[in-house]
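Enquirer: Just so you know, the sequences run in chain order A and B.
Going from the first sequence to our numbering is simple: count from 1 and add 46.
Going from the second sequence to our numbering is simple: count from 1 and add 5.
C-beta atoms are modelled at their ideal positions from N, C-alpha and C, and glycine is treated no differently.
These numbers were taken from a predicted model, which means no experiment stands behind them.
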Amino acid sequence: MKRVFTGVLGAMALAALATTALAETKLTIATVNNGDMIRMQGLTDDFTKANPDIKLEWVTLEENVLREKVTTDIAAKGGQFDVLTIGTYEVPIWGKKGWLLPLTMVDDPADLLPAIAGGLTVDGKLMAAPFYGESSMVMYRKDLMDKAGMKMPDAPTWKDIREAADKMTDKANEVYGVCLRGKAGWGENMAFLTAMSNSFGARWFDENWKPQFDQPEWKDTLNFYLDLMKADGPPGASSNGFNENLALFNAGKCGMWIDATVAASFVTGKDSKVADKVGFALAPDNGLGKRGNWLWAWSLAIPAGSQKEEAAQKFVGWATSKHYTELVASKEGWANVPPGTRTSLYANPEYAKVPFAKMTLDSINAADPSKPTVKPVPYVGVQFVAIPEFAGLATTTGQIFSAALAGDKTADQALAEAQDAATREMTKSGYIK
Amino acid sequence: MATQQTRALGRLAVAPSVIALFMWMIVPLAMTIYFSFLRYSLLDPNYACSVLHPGQLFDEANRCLAGFSNYKYFLTDPAFFRAMGNSLKLVGWVLAISVVGGTLLALLLDQAFYGRGIVRIMMIAPFLVMPTVSALVWKNMMMNPVSGFLAYLFKLVGLQPIDWFAHYPLTAIVIMVAWQWVPFATLILLTSLQSLDEEQKEAAEMDGTPPLSYFWYIVLPHLLRPMTVVILIETIFLLNVFAEVYVTGTGGTAGNLPFLVYQYGLIANDIGGASAGGIIAVILANIVAFFLMRMIGKNLEA
Numbered sequence: 047m048k049r050v051f052t053g054v055l056g057a058m059a060l061a062a063l064a065t066t067a068l069a070e071t072k073l074t075i076a077t078v079n080n081g082d083m084i085r086m087q088g089l090t091d092d093f094t095k096a097n098p099d100i101k102l103e104w105v106t107l108e109e110n111v112l113r114e115k116v117t118t119d120i121a122a123k124g125g126q127f128d129v130l131t132i133g134t135y136e137v138p139i140w141g142k143k144g145w146l147l148p149l150t151m152v153d154d155p156a157d158l159l160p161a162i163a164g165g166l167t168v169d170g171k172l173m174a175a176p177f178y179g180e181s182s183m184v185m186y187r188k189d190l191m192d193k194a195g196m197k198m199p200d201a202p203t204w205k206d207i208r209e210a211a212d213k214m215t216d217k218a219n220e221v222y223g224v225c226l227r228g229k230a231g232w233g234e235n236m237a238f239l240t241a242m243s244n245s246f247g248a249r250w251f252d253e254n255w256k257p258q259f260d261q262p263e264w265k266d267t268l269n270f271y272l273d274l275m276k277a278d279g280p281p282g283a284s285s286n287g288f289n290e291n292l293a294l295f296n297a298g299k300c301g302m303w304i305d306a307t308v309a310a311s312f313v314t315g316k317d318s319k320v321a322d323k324v325g326f327a328l329a330p331d332n333g334l335g336k337r338g339n340w341l342w343a344w345s346l347a348i349p350a351g352s353q354k355e356e357a358a359q360k361f362v363g364w365a366t367s368k369h370y371t372e373l374v375a376s377k378e379g380w381a382n383v384p385p386g387t388r389t390s391l392y393a394n395p396e397y398a399k400v401p402f403a404k405m406t407l408d409s410i411n412a413a414d415p416s417k418p419t420v421k422p423v424p425y426v427g428v429q430f431v432a433i434p435e436f437a438g439l440a441t442t443t444g445q446i447f448s449a450a451l452a453g454d455k456t457a458d459q460a461l462a463e464a465q466d467a468a469t470r471e472m473t474k475s476g477y478i479k
Numbered sequence: 006m007a008t009q010q011t012r013a014l015g016r017l018a019v020a021p022s023v024i025a026l027f028m029w030m031i032v033p034l035a036m037t038i039y040f041s042f043l044r045y046s047l048l049d050p051n052y053a054c055s056v057l058h059p060g061q062l063f064d065e066a067n068r069c070l071a072g073f074s075n076y077k078y079f080l081t082d083p084a085f086f087r088a089m090g091n092s093l094k095l096v097g098w099v100l101a102i103s104v105v106g107g108t109l110l111a112l113l114l115d116q117a118f119y120g121r122g123i124v125r126i127m128m129i130a131p132f133l134v135m136p137t138v139s140a141l142v143w144k145n146m147m148m149n150p151v152s153g154f155l156a157y158l159f160k161l162v163g164l165q166p167i168d169w170f171a172h173y174p175l176t177a178i179v180i181m182v183a184w185q186w187v188p189f190a191t192l193i194l195l196t197s198l199q200s201l202d203e204e205q206k207e208a209a210e211m212d213g214t215p216p217l218s219y220f221w222y223i224v225l226p227h228l229l230r231p232m233t234v235v236i237l238i239e240t241i242f243l244l245n246v247f248a249e250v251y252v253t254g255t256g257g258t259a260g261n262l263p264f265l266v267y268q269y270g271l272i273a274n275d276i277g278g279a280s281a282g283g284i285i286a287v288i289l290a291n292i293v294a295f296f297l298m299r300m301i302g303k304n305l306e307a
């Protein structure tokens, strides 16, 4: 009898032990529905095998929805998510407010590209680990350039782009010289236009936060953009964002496309009709010392006050490690590894064979978020201004410029409206006294 | 005596649900009003407060009193006038289309013809489709200027396809919303047509009333009350149209008041401004309802 009793006790103790060992930590990860992120979800076995006590739950959302959810959650201290996917715009603002935990388990932080890591560091501490980084560059059709008897320089000027676009345009056959973003949104047309305006010497604000849309540099930028799109752009350009232009380019309807460097792996991938005819060049400039390319990194961060910090640190470390890069390379090939985050990736001779590797690295290195413009500015950020008011303000100006592209407004009207909107917002939030 | 007692008892018995309903209504409203007088930005509450109202921060989220400034900025926003105009145009057009279209369809469906049951069910279907889904279908499969069905029809007859969302965004939204609400009007008006007195019909037939006079003097007066119901119910819902604007990305041009409030709240993260916008929208809706009731409410009294 007694033996049975001891046996039962022992079994219970074992069971108790087993439950503690299996006590799972469930990490809820908010992420964006981009190709690289979806790919990661298919490869998490590698992580859960090494950490059987951690269970991963994914909340995958479209970019704008993700941003709304994550922002409301973190601002209201909702604690819905344990790991957040956020961009270069959020990290400095949220890090400064103490909403993010410094990362401790990032694999070889010294290996991260300085331009990318710089945008994710607050007070010397890495607040988010880059999952992939991107800049923007010119993707063009080599065959159409040959047909036009032209050659694309590695570092073109806006004049080169205009000339090439004019020559390649063949509207009767639905070939448009250049496809650019026109869809309203601070992460859509305003990302492109702000980066473009930098190369025209324009800036959002002067040193006293006075909006600069009434200055000649912005007028030049907008006029050039509108003229170019009117002459050589596709119809309905004012509703084209990244995905719409990608579809057009892949269908062979664009001569050139200036957009994110991550698009390079798509336009040379299996969904593209023109995969073997694509060349790459740096984003254009106007000889003023700044190019029209941006800098962005989708990064993983941990909200302050997380109850599951250790597991979250482990996961962020794994997802942004060199080991993960190799894992993707072994399963899906080098062209599909998340680009733009590590120096070692670009030193790897295997990766150097990828056609767009060098141009991506050069583009990223050509962007300087701490000194984005020709004239001095009080803000950081290349295609955005890292202040909380920017998202709302640039959404409004994006709508105004998109309407100008649709032909509802002239460039002058659009700029005057943008100047009004910016002045109102900056006065309201106390930047202009 | 007993009646007074039972009345008191009755009041006591319904009190919990009345109080619950009242709280249900008043708490969110009161909070919205409270927020509308605060500087309350989700992202950075400190800056504006510490610069404009130094020493007046009053809680852990560093909010501070804003007085009427949220209202001032919302009401002077050029986007506000555009949004209000869009809201009114949207309500007006969809009402007109659904009442006229609904009446015609109801008359048609009231006739006896083969397969009437199935046609009636199919008529109602659009009303049951979720607005987000219908907006996606219209955007990508019907109105897309390259691959949409309408573009295909245009090309078929050799015309340049219309880029709806770039050039006629509000018209596009009106079409989508009307597509959803015409069936609702049809349903209500059809039910009412079926309750039209058979004897009256026969009498009119025997007198040889011409069809138009029959419609004008017998059918239309009979339909006036259900039409009033349709107009009132639709107005309430049409003032709140959001999914169609959001999904088609036409907020910049065809954005109505709900979209503007959304833009203030969730894109600019300005809770104070969005709350002020919400209160203004409520006031405007009440004004619209007031005039609407006065104009057509007489029909309901009879």
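Determine the burial state of B:Ile-31: buried for a count of at least 16 other Cβ atoms within 10 Å of its Cβ, exposed for fewer.
Expert: It is exposed - the Cβ of B:Ile-31 has fewer than 16 other Cβ atoms within 10 Å.
Enquirer: In chain A, what lies closer than 7 Å to B:His-172 by C-beta?
Expert: Going along chain A in sequence order, the residues near B:His-172 (Cβ under 7 Å) are Ala-452.
Enquirer: Give every residue of the same chain whose Cβ lies closer than 6 Å to the Cβ of A:Ile-120, excluding the five residues on either side of it in the sequence, and list them in chain order.
Expert: So the qualifying residues of the chain are Trp-145, Pro-349.
Enquirer: Using a beta-carbon distance below 9 Å, is B:Pro-215 in contact with chain A?
Expert: Not one chain A Cβ lies under 9 Å of B:Pro-215.
Enquirer: Note down, in chain order, every chain A residue with its Cβ under 8 Å from the Cβ of B:Tyr-78.
Expert: Here the neighbours are Arg-470, Lys-474.
Enquirer: Determine the extent of the alpha helix (DSSP H) in which B:Val-308 is found, giving its start and end residues.
Expert: This structure cannot speak to residue 308 of chain B, because chain B is shown only from 6 to 307.
Enquirer: Check whether the region 159-166 of chain A and the region 407-423 of chain A touch, using three or more Cβ-Cβ pairs below 8 Å as the test.
Expert: Touching, yes, given that three or more Cβ pairs across the two stretches are closer than 8 Å.
Enquirer: Is A:Arg-85 near the ligand ZN - that is, is its Cβ less than 8 Å away from at least one heavy atom of it?
Expert: This structure lacks the ligand ZN, and indeed carries no ligand of any kind.
Enquirer: Using a Cβ cut-off of 9 Å (strictly closer), state whether A:Lys-319 contacts chain B.
Expert: No, no contact with chain B.
Enquirer: Near B:Val-187, what residues of its chain come up, given a Cβ to Cβ distance below 8 Å and the 5 sequence neighbours on each side ignored?
Expert: Closer than 8 Å at the Cβ level, and outside the excluded window around B:Val-187, lie Ile-102, Ser-103, Gly-106, Gly-107, Leu-110, Pro-131.
Enquirer: Out of B:Ala-117, B:Trp-98, B:Phe-242, B:Pro-33, which has the shortest C-alpha to C-alpha gap to B:Gln-199?
Expert: The residue with the shortest Cα to Cα distance from B:Gln-199 is B:Ala-117.
Enquirer: For A:Lys-72, which residues from the same chain have a beta carbon less than 7 Å from its beta carbon, with the 5 sequence-adjacent residues on both sides left out?
Expert: The residues are Lys-101, Glu-103.
Enquirer: Return no unless some Cβ of chain B is closer than 9 Å to the Cβ of A:Ser-284.
Expert: So, interface residue.
Enquirer: Since B:Leu-271 meets chain A, which of its residues come closer than 7 Å, beta carbon to beta carbon?
Expert: Chain A residues near B:Leu-271: Glu-114.
Enquirer: What does B:Gly-120 pair with, by DSSP beta-bridge criteria?
Expert: Paired residues: none, contrary to the question.
Enquirer: Nearest-angstrom Cα distance between B:Ala-183 and B:Ile-167?
Expert: So the two alpha carbons sit approximately 19 Å from each other.
Enquirer: Under the three-state reduction of DSSP, which class applies to A:Val-168: helix, strand or coil?
Expert: Of the three classes helix, strand and coil, the one that applies to A:Val-168 here is strand, per DSSP.
Enquirer: Here's a check: name, in chain order, each residue in its chain whose Cβ is nearer than 6 Å to the Cβ of A:Asp-260, leaving out the five neighbours to either side.
Expert: Within the same chain, A:Asp-260 has close Cβ partners Gln-465.
Enquirer: What are the boundary residues of the beta strand (DSSP E) that includes A:Pro-176?
Expert: Run containing A:Pro-176: 175-187, per the beta strand (DSSP E) assignment.
Enquirer: Residue ranges of each beta strand (DSSP E) run of no fewer than 3 residues wholly in the region 68-154 of chain A, ordered along the chain?
Expert: Here the runs fully enclosed are 71-78, 100-107, 129-132.
Enquirer: Between which two residues does the alpha helix (DSSP H) holding A:Ala-343 run?
Expert: Counting along the chain, A:Ala-343 falls outside any alpha helix (DSSP H), though it belongs to the beta strand (DSSP E) covering 341-347.
Enquirer: Give the secondary structure of B:Leu-271 by DSSP, where H, G and I count as helix, E and B as strand, and everything else as coil.
Expert: B:Leu-271 falls in the helix class under three-state DSSP.
Enquirer: Contact between the region 359-373 of chain A and the region 283-297 of chain A: three or more CB pairs below 8 Å?
Expert: Because the criterion of three Cβ pairs below 8 Å is not met, the region 359-373 of chain A and the region 283-297 of chain A do not touch.
Enquirer: B:Pro-150 versus chain A: which residues are under 7 Å apart at the beta carbon?
Expert: Neighbours of B:Pro-150 on chain A, chain order: Pro-281, Gly-282.
Enquirer: Tell me the DSSP secondary structure of A:Thr-314 in three-state form.
Expert: The answer is coil: DSSP assigns A:Thr-314 none of H, G, I, E or B.
Enquirer: Listing by chain order, which chain A residues have their CB less than 7 Å from the CB of B:Thr-176?
Expert: Residues of chain A passing the Cβ test: none, with the nearest at roughly 14 Å.
Enquirer: What is the residue span of the alpha helix (DSSP H) that A:Met-302 lies within?
Expert: Where A:Met-302 is concerned, there is no enclosing alpha helix (DSSP H), although the beta strand (DSSP E) it sits in stretches over 300-306.
Enquirer: Name, please, each residue of chain B whose Cβ falls closer than 9 Å to the Cβ of A:Ser-448.
Expert: Result: Ala-171, Gly-257, Thr-258.
Enquirer: Using C-beta distances below 6 Å, list every residue in its chain close to A:Asp-200, excluding the 5 sequence neighbours before and after it, in chain order.
Expert: Contacts found: Ala-327.
Enquirer: Pick helix, strand or coil for A:Leu-328, following the three-state DSSP scheme.
Expert: A:Leu-328 falls in the strand class under three-state DSSP.
Enquirer: Using only the alpha-carbon positions, how far apart do B:Lys-144 and B:Gln-185 sit?
Expert: Cα to Cα, the separation comes out at about 14 Å.
Enquirer: Identify, in the order they occur along the chain, each residue of the same chain with its Cβ nearer than 6 Å to the Cβ of B:Ala-294, setting aside the five sequence neighbours on each side.
Expert: No residues qualify anywhere along the chain.
Enquirer: With distances taken from CA atoms, which of B:Pro-136, B:Leu-113, B:Val-134 is nearest B:Arg-125?
Expert: When only C-alpha atoms are compared, the closest one is B:Leu-113.
Enquirer: Taking the straight line between their C-alpha atoms, what separation do you get for A:Ala-437 and B:Phe-73?
Expert: Approximately 24 Å between the Cα atoms of the pair.
Enquirer: Decide if the region 37-47 of chain B is in contact with the region 233-245 of chain B; the criterion is three or more beta carbon pairs, one per stretch, under 8 Å apart.
Expert: As far as the Cβ criterion goes, the region 37-47 of chain B does not touch the region 233-245 of chain B, which means the pair count is below three.
Enquirer: Between A:Gly-282, A:Asn-97, A:Asp-92, A:Leu-274, which has its C-alpha nearest A:Ala-457's C-alpha?
Expert: Comparing Cα positions, the closest option is A:Leu-274.
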